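Peer 1:
Residue numbers (this note's numbering), protein chains in the order written: chain A, 33 to 268; chain B, 4 to 206.
(1) Which residue spans inside the segment 153-202 of chain B form an unbroken beta strand (DSSP E) run of at least 3?
(2) Residue 99(B) touches chain A at which residues, Cβ-Cβ below 8 Å?
(3) For a cutoff of 8 Å on Cβ pairs, would you count residue 188(A) as touching chain B?
(4) One question on the structure: do residue 72(A) and residue 41(A) come within less than 8 Å of each other, judged by their Cβ atoms?
(5) Is it buried or exposed, residue 35(B), if we count other Cβ atoms within 10 angstroms and call 16 or more buried?
(6) Spell out a yes or no on whether the segment 66-85 of chain B and the segment 40-53 of chain B are touching, meaning 3 or more CB-CB pairs, one atom from each, closer than 8 Å.
(7) If you measure between the beta carbons of residue 47(B) and residue 91(B), is that distance less than 8 Å?
(8) Can a CB atom of chain B be found closer than 8 Å to the CB of residue 71(A)?
(9) Along chain A, which residues have their Cβ under 7 Å away from the Cβ of residue 56(B)?
(10) Buried or exposed: residue 138(A), going by 16 or more other Cβ atoms within 10 Å of its Cβ?
(11) Could you check the C-alpha separation between residue 150(B) and residue 119(A) for me, to the nearest Å?
(12) Can you list the alpha helix (DSSP H) stretches of 4 or more residues lying completely in the segment 59-141 of chain A, in chain order?
(13) Quick one: grab the DSSP three-state call for residue 10(B).
(14) Quick one: grab the DSSP three-state call for residue 256(A).
(15) For residue 252(A), tell me which candidate among 239(A), 82(A), 128(A) and 94(A) has the shortest Cα-Cα distance.
(16) Excluding the five sequence neighbours on either side, which residues of its own chain have a C-beta within less than 6 Å of the C-beta of residue 124(B), listed in chain order?
(17) Would you mind sorting residue 186(B) into buried or exposed? The rule is 16 or more other CB atoms within 10 Å of its CB.
(18) Since residue 56(B) contacts residue 65(B) with CB under 8 Å, what's their CB separation in whole angstroms?
(19) Between the beta-carbon of residue 87(A) and the beta-carbon of residue 162(B), is there less than 8 Å?
(20) Span of the alpha helix (DSSP H) holding residue 95(B)?
(21) Alpha carbon to alpha carbon, what distance is there between residue 170(B) and residue 147(B)?
(22) Taking Cβ-Cβ distances shorter than 8 Å, what residues in chain A pair up with residue 50(B)?
(23) Quick one: which chain B residues come within Cβ less than 9 Å of residue 41(A)?
(24) Out of 141(B), 193(B), 190(B) and 18(B), point me to the one whose CA is closest to residue 89(B)'s CA.
(25) In chain A, what lies closer than 9 Å to residue 41(B) by C-beta?
(26) Excluding the five sequence neighbours on either side, which residues of its own chain have a C-beta within less than 8 Å of the C-beta of residue 262(A), listed in chain order?
(27) Are the C-beta atoms of residue 62(A) and some chain B residue less than 8 Å apart?
(28) Write down the C-beta distance between residue 61(B) and residue 100(B) rounded to the nearest angstrom, noting that I regard them as a contact closer than 8 Å.
(29) Out of 14(B), 142(B), 98(B) and 28(B), state which residue places its alpha-carbon closest to the alpha-carbon of residue 201(B).
(30) Less than 8 Å between the C-beta atoms of residue 52(B) and residue 16(B), yes or no?
(31) Compute the Euclidean distance between the alpha carbons of residue 198(B) and residue 184(B), then round it to the nearest angstrom.
(32) Would a C-beta distance cut-off of 8 Å place residue 168(B) and residue 94(A) closer than the cut-off?
(33) Let me see if you follow: with CB-CB separation under 8 Å, is residue 57(A) close to chain B or not?
(34) Would you mind telling me which residues of chain A sit closer than 7 Å to residue 59(B), beta carbon to beta carbon, in chain order?
(35) Taking 8 Å as the threshold (beta carbon to beta carbon), is residue 25(B) in contact with chain A?
(36) If residue 45(B) sits next to residue 100(A), beta carbons under 8 Å apart, how far is it from one beta carbon to the other, in whole angstroms?
In structure tokens:
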């Protein structure tokens, strides 16, 4: 039977009740009112039916074919390139600069070196002497130690006489010892120690720092090229 | 002129039988698995986009955008119901489309009486019941499109696609109380709009 209620609950609360809102559903007074009020019962029933129908609304076929899988290169490459790949350009630029600096520096020194270094002919002669006197350079006799300073000649094709750690100055000092101090032959351990110390710590070829710069530049350049053109973006 | 309305798929898309395994493979970078998921749910995504936007072409754009976003984000899927996750992405993509459209000259929503969705006649067990249901769905979609946009979004996400209040609030970037109010008002407004079709509910 229809019952008249002067004051109905707010319709939004009825809508919440129809939607199984737990907070409103716990309101016993509201539920009691709805149970006793035909008007509110109708509202809640209509809204429940409406919700049920809404929940069954079918899916829709797209109006046009959709691309299901995004193209990988455009969509994924920027996100996957990583910080390492971004270093390629700076590495190549720095490598190029170092190569230029190293090449200019070493070539400049090469032009000026013959004026301050020993004549290549002397070194060649020393090497020949070493080959004829001792198979163990730099260890047995002072005369061969002088030749050992140029032992880089045969190894490096004769164009870099000091890259094995013995500079022309070291060669000169060894030669001076050989010439001015025959007693050096009588005390090979002392002279040998001094001479080896000179070979390790003496100033090296002036071109060496520039060649190091050059090598560093080439390395950076190659690393940059690898990162930029060879390394592929991480998959997955 | 509004674009022709899309066809109904006739049903709601159910989860794939082996969905957790397919999702796991997609998360591991298996493009085939991802394609399988997207192909399975594309009608659900498109339906949501169309109901939120009201324009077939823009809904297709939004759905396409959602697929791209989903592909980018699948690695971070935290589990749960994949369909809900994908629908949230679709809802966000739809809102992006709407916002972009609002910056341009406005496009009128299609007239509910024009180009109404056609239902496929798919093996209906009872043609009369199916025809009645199809008509109900058609009127419901038309009534949804008459709601204010905020109410429509909230009702579609909650009552059509089953999101709870919190999910709707997150998807629409709105306060929880605001969302509740929009949903409740939207339901009441829909009831008014569907009053003349009440007999369709009694099937």
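Note that beta-carbon positions come from the ideal geometry of N, C-alpha and C, so glycine has one too. Note that the coordinates shown come from a computational prediction; the quantities given were computed from them, not determined experimentally.
Peer 2: Taking the geometry as given:
(1) none
(2) As a working note, residue 99(B) is residue 96 in the second chain. The contacting residues do not exist; residue 99(B) stays about 16 Å from chain A at best.
(3) Working through the first chain from its first residue, we reach residue 188(A) at position 156. Note that residue 188(A) scores a pLDDT of 40, beneath 50, so its modelled location is shaky; the value from the coordinates is reported in the next line. By this cut-off, residue 188(A) is not an interface position.
(4) As a first step, residue 72(A) must be located in the first chain, where it is residue number 40. As a first step, residue 41(A) must be located in the first chain, where it is residue number 9. Closer than 8 Å, so yes.
(5) Reading the second chain from its first residue, position 32 is the one you call residue 35(B). Label assigned to residue 35(B): exposed.
(6) Pairwise C-beta distances place the segment 66-85 of chain B in contact with the segment 40-53 of chain B, as three or more of them are shorter than 8 Å.
(7) Taking the second chain and counting its residues from 1, the one referred to as residue 47(B) is at position 44. Taking the second chain and counting its residues from 1, the one referred to as residue 91(B) is at position 88. No, the pair does not count as a contact, with Cβ atoms beyond the cut-off.
(8) As a position in the first chain, residue 71(A) is number 39, starting the count at 1. When Cβ-Cβ separations below 8 Å define contact, residue 71(A) makes no contact with chain B.
(9) Position 53 of the second chain, counted from the start, is the residue given in the question as residue 56(B). By Cβ distance, chain A contributes nothing, its closest Cβ being about 12 Å from residue 56(B), past 7 Å.
(10) Translated into the one-based positions of the first chain, residue 138(A) becomes position 106. Answer is buried; the Cβ neighbour count reaches 16.
(11) Locating residue 150(B) in the second chain gives position 147, counting from the first residue. Locating residue 119(A) in the first chain gives position 87, counting from the first residue. Straight-line Cα distance between these residues: approximately 53 Å.
(12) 60-68, 70-87, 104-112 and 114-118
(13) Position 7 of the second chain, counted from the first residue, corresponds to residue 10(B). Three-state result, residue 10(B): coil.
(14) Here residue 256(A) corresponds to residue number 224 of the first chain, with the count starting at 1. Correct three-state label for residue 256(A): helix.
(15) Numbered from 1 along the first chain, position 220 holds the residue referred to as residue 252(A). 128(A) is the residue among 239(A), 82(A), 128(A) and 94(A) whose C-alpha sits nearest the C-alpha of residue 252(A).
(16) Your numbering for residue 124(B) matches position 121 in the second chain. Unreliable positioning characterises residue 124(B) in this predicted model, as indicated by a pLDDT of 43, which lies under 50. A coordinate reading is not provided.
(17) Here residue 186(B) refers to the residue found at position 183 when the second chain is read from its first residue. Buried.
(18) Taking the second chain and counting its residues from 1, one reaches residue 56(B) at position 53. Taking the second chain and counting its residues from 1, one reaches residue 65(B) at position 62. Right, their Cβ atoms sit about 6 Å apart.
(19) Here the question's residue 87(A) lines up with position 55 in the first chain. Here the question's residue 162(B) lines up with position 159 in the second chain. Cβ atoms of residue 87(A) and residue 162(B): closer than 8 Å.
(20) Locating residue 95(B) in the second chain gives position 92, where the first residue counts as 1. Counting along the chain, the alpha helix (DSSP H) containing residue 95(B) begins and ends at 85-106.
(21) Here the question's residue 147(B) lines up with position 144 in the second chain. Here the question's residue 170(B) lines up with position 167 in the second chain. For residue 147(B) and residue 170(B), the distance between alpha carbons rounds to 20 Å.
(22) By 1-based counting over the second chain, the position of residue 50(B) is 47. What residue 50(B) touches in chain A: 89, 90, 91 and 92.
(23) In the first chain, residue 41(A) corresponds to position 9, counting from 1. Contact of residue 41(A) with chain B by beta-carbon distance below 9 Å is absent, the smallest such distance being about 12 Å.
(24) On the second chain, position 86 is the one that residue 89(B) refers to. Measuring from the Cα of residue 89(B), the nearest candidate turns out to be 18(B).
(25) Stepping through the second chain from its first residue, residue 41(B) is reached at position 38. Those are 98, 100 and 101, listed as they occur along chain A.
(26) Locating residue 262(A) in the first chain gives position 230, where the first residue counts as 1. In its chain, beyond the 5 residues on either side, no residue has a beta carbon closer than 8 Å to the beta carbon of residue 262(A).
(27) Counting from one through the first chain, the residue named residue 62(A) turns up at place 30. Not one chain B Cβ lies under 8 Å of residue 62(A).
(28) As a working mapping, residue 61(B) is identified with position 58 in the second chain. As a working mapping, residue 100(B) is identified with position 97 in the second chain. Their Cβ separation, rounded to whole angstroms, is 5 Å, which keeps residue 61(B) and residue 100(B) in contact under 8 Å.
(29) Within the second chain, the letter at position 198 stands for residue 201(B). Per the Cα distances, 142(B).
(30) Indexing the second chain from 1 puts residue 52(B) at position 49. Indexing the second chain from 1 puts residue 16(B) at position 13. No, the Cβ-Cβ distance between residue 52(B) and residue 16(B) is not below 8 Å.
(31) Here the question's residue 198(B) lines up with position 195 in the second chain. Here the question's residue 184(B) lines up with position 181 in the second chain. The straight-line gap from Cα to Cα measures roughly 21 Å.
(32) Your numbering for residue 168(B) matches position 165 in the second chain. Your numbering for residue 94(A) matches position 62 in the first chain. It is not a contact, given that the beta carbons lie outside the stated cut-off.
(33) Mapped onto the first chain, residue 57(A) falls at position 25. Not closer than 8 Å to any Cβ of chain B, the Cβ of residue 57(A) fails to qualify, so no.
(34) Along the second chain, one-based indexing puts residue 59(B) at 56. Neighbours of residue 59(B) in chain A, taken as residues at a C-beta separation under 7 Å, are given in chain order as 95.
(35) Within the second chain, residue 25(B) is the residue found at index 22, counting from 1. Answer no: the Cβ-Cβ gap between residue 25(B) and chain A never drops below 8 Å.
(36) By one-based count along the second chain, residue 45(B) stands at place 42. By one-based count along the first chain, residue 100(A) stands at place 68. Their Cβ separation, rounded to whole angstroms, is 7 Å, which keeps residue 45(B) and residue 100(A) in contact under 8 Å.
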